[in-house]
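Colleague: Pasting a structure here, questions to come.
Numbering (our numbering), first residue to last: 6 to 456.
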């Protein structure tokens, strides 16, 4: 009771630590030492807490999401129908592989599936193959990202599909709309068949303001009716950069370069303005494949006979009809020769290439043979003499037969008539000689003047 308690001298006011001066008395030095020790301990604790709260690429907590309603509740903290269990800033929402649609649960409102306000951290698919699909069902845009508290929001391995920006305030960006100086990384994402139907554009991504970086992200089938950027529209004061490398942990992989991005000429897209994909696994050489999407050469298997693959394949393809592959590790299949065909897929031997029948022809890599049409014929003396084309009946002759095997099927125009047509199919091309001209034989291609 005669000595002051520690509570009389020390108070903590986050984020500042305030130490009160001890009153005069015999225990002043002891209290000062206690103050100094407590101050140091509290300062260290506060600094550690601050460091842990920062998004240094490590997210404080991960939250599992399996339904559309859970997704809204965990990340959609903007206006309208805000979620009821929003993750803490810097956390990570991990989506199960599936389609997320408003018809299956709650969404932010009638225009937008998700709205984030100053949220940062990560929203990602549990697998890096972008099979978590945010499907707007041609009714709503996928996301509106309004700021990120000067930190970074990462969207990873998400597919934005069938987003529609057509009504209300946010009429741009069928996939996502980025504003309020948000800092956004898009890693391994896909933008597929999104639409913006009003005057503004950016059917895939519309950036009003913010810093956006794309890693291994691809675009296909997006349409801005205005023409202002089918894929990306950097409209106002944004910075958009497309990286040509893969994000961690795939930095040793080289992404597959796709088609050029349609930006509508609005703003600048830094880096390489193309779609990129295929970061999420090791790219095996042509003739092999990576079935497990593993991260090294040891995950590659060789394609068997009758199959082939290109660089970076995750499966081998069967040789198409009209082709074959007799060895393992093929990067392409071999064509059946002209005059032959094969209806089989995955053929492992040239013996599957059969000769065409009489009166038929084929080009290289044919899956079937075609009969000579009327006015043509095809002759050969033995198997192997087939060609890739039929021969026209000569001028002065015609043939109405299909699949003809001999020139004898070409019927000559009668005497007194002629024809200049090659490959004629009937006698209507045979014309009578004009007055003062004649033909004394059949099959004439011209008449002779009288002497």
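Every residue, glycine too, gets a C-beta built ideally from N, C-alpha and C. Being a predicted model, the structure only gives us computed values, none of them experimental.
Between residue 203 and residue 231, is the Cβ-Cβ spacing less than 8 Å?
Modeller: Yes, these two residues count as a Cβ contact at 8 Å.
Colleague: Considering only the beta carbon of each residue, do residue 406 and residue 379 sit closer than 8 Å?
Modeller: Result yes, Cβ atoms of residue 406 and residue 379 sit closer than 8 Å.
Colleague: In this structure, does DSSP put residue 427 in helix, strand or coil?
Modeller: In this structure, residue 427 counts as coil in the three-state DSSP scheme.
Colleague: In three-state terms, what does DSSP make of residue 108?
Modeller: It is helical.
Colleague: Starting from residue 80, follow the beta strand (DSSP E) in both directions and report where the run begins and ends.
Modeller: From DSSP, residue 80 is part of no beta strand (DSSP E) but of the alpha helix (DSSP H) over 73-80.
Colleague: Quick check on this structure: which residue in 384, 409, 394, 419 has the alpha carbon closest to the alpha carbon of residue 401?
Modeller: Among 384, 409, 394, 419, the Cα nearest to that of residue 401 belongs to 419.
Colleague: Find out if the Cβ-Cβ distance for the pair residue 159, residue 194 is shorter than 8 Å.
Modeller: Contact: no.
Colleague: Considering only residues of the segment 189-225, which uninterrupted alpha helix (DSSP H) runs meet the minimum length of 4 residues and lie entirely inside it, listed in chain order?
Modeller: Fully enclosed alpha helix (DSSP H) runs of 4 or longer: not present.
Colleague: Since I believe residue 344 is in contact with residue 381 (beta carbons under 8 Å), could you give me their beta-carbon distance rounded to a whole number of angstroms?
Modeller: About 15 Å separates the two Cβ atoms, so there is no contact after all.
Colleague: Tell me whether residue 356 sits in a helix, a strand or coil according to DSSP, three-state version.
Modeller: Residue 356 falls in the helix class under three-state DSSP.
Colleague: How is the beta strand (DSSP E) around residue 149 delimited, first residue to last?
Modeller: Counting along the chain, the beta strand (DSSP E) containing residue 149 begins and ends at 146-151.
Colleague: Excluding the 5 residues preceding and the 5 following residue 289 in the sequence, name in chain order all residues of the same chain whose CB lies nearer than 6 Å to its CB.
Modeller: Contacts found: 295, 305.
Colleague: Rounded to a whole number of angstroms, what is the C-alpha to C-alpha distance between residue 52 and residue 281?
Modeller: In this prediction, residue 52 has a pLDDT of 48, which is less than 50 and means its spatial position is unreliable; what the coordinates show is noted afterwards. When rounded, the distance between both Cα atoms is 40 Å.
Colleague: CB residue 128 to CB residue 85, shorter than 8 Å?
Modeller: Taking 8 Å as the Cβ cut-off, residue 128 and residue 85 do not qualify as a contacting pair.
Colleague: Who are the near neighbours of residue 454 in its chain, counting only those whose CB is closer than 8 Å to its CB and skipping five residues on each side?
Modeller: Once the five neighbours on either side are set aside, the close Cβ partners of residue 454 are 441, 442.
Colleague: Could you compute how far the alpha carbon of residue 396 sits from the alpha carbon of residue 404?
Modeller: Distance between the alpha carbons of residue 396 and residue 404: 12 Å.
Colleague: How is the beta strand (DSSP E) around residue 67 delimited, first residue to last?
Modeller: Element bounds for residue 67: 67-70.
Colleague: Per DSSP, what are the beta-bridge partners of residue 397 in this structure?
Modeller: Paired residues: 381.
Colleague: Please say whether residue 104 and residue 144 have beta carbons closer to each other than 8 Å?
Modeller: No, they are not a contact pair.
Colleague: Inspect the beta-carbon positions of residue 260 and residue 311 and report whether they are closer than 8 Å.
Modeller: The answer is no: Cβ separation not under 8 Å.
Colleague: If the criterion is Cβ atoms closer than 8 Å, does the pair residue 353 and residue 331 meet it?
Modeller: In this structure, residue 331 lies closer than 8 Å to residue 353 by Cβ.
Colleague: Tell me, which residues are paired with residue 127 by DSSP?
Modeller: Partner(s): 97, 159.
Colleague: What's the gap between the Cα of residue 452 and the Cα of residue 364?
Modeller: Between residue 452 and residue 364, the C-alpha separation is close to 32 Å.
Colleague: Which residues does DSSP list as the beta-bridge partners of residue 288?
Modeller: Bridge partners of residue 288: none, in fact.
Colleague: Nearest to residue 214 by CA position, among 399, 369, 228, 150, is which residue?
Modeller: Closest by alpha carbon: 150.
Colleague: Could you tell me the distance, in whole angstroms, from the CA atom of residue 252 to the CA atom of residue 370?
Modeller: Approximately 41 Å, taken between the alpha carbons.
Colleague: Pull up the distance between the alpha-carbon of residue 196 and that of residue 376, whole angstroms please.
Modeller: Using only the alpha carbons, I get a separation of about 46 Å.
Colleague: For residue 456, count neighbouring Cβ atoms within 10 angstroms of its own Cβ and tell me buried if that reaches 16, exposed if not.
Modeller: Exposed is the call here.
Colleague: Based on DSSP bridge pairs, tell me the residues matched to residue 271.
Modeller: In the DSSP output, where bridge partners are listed per residue, residue 271 has none listed.
Colleague: Between which two residues does the beta strand (DSSP E) holding residue 244 run?
Modeller: Note, residue 244: beta strand (DSSP E), 237-247.
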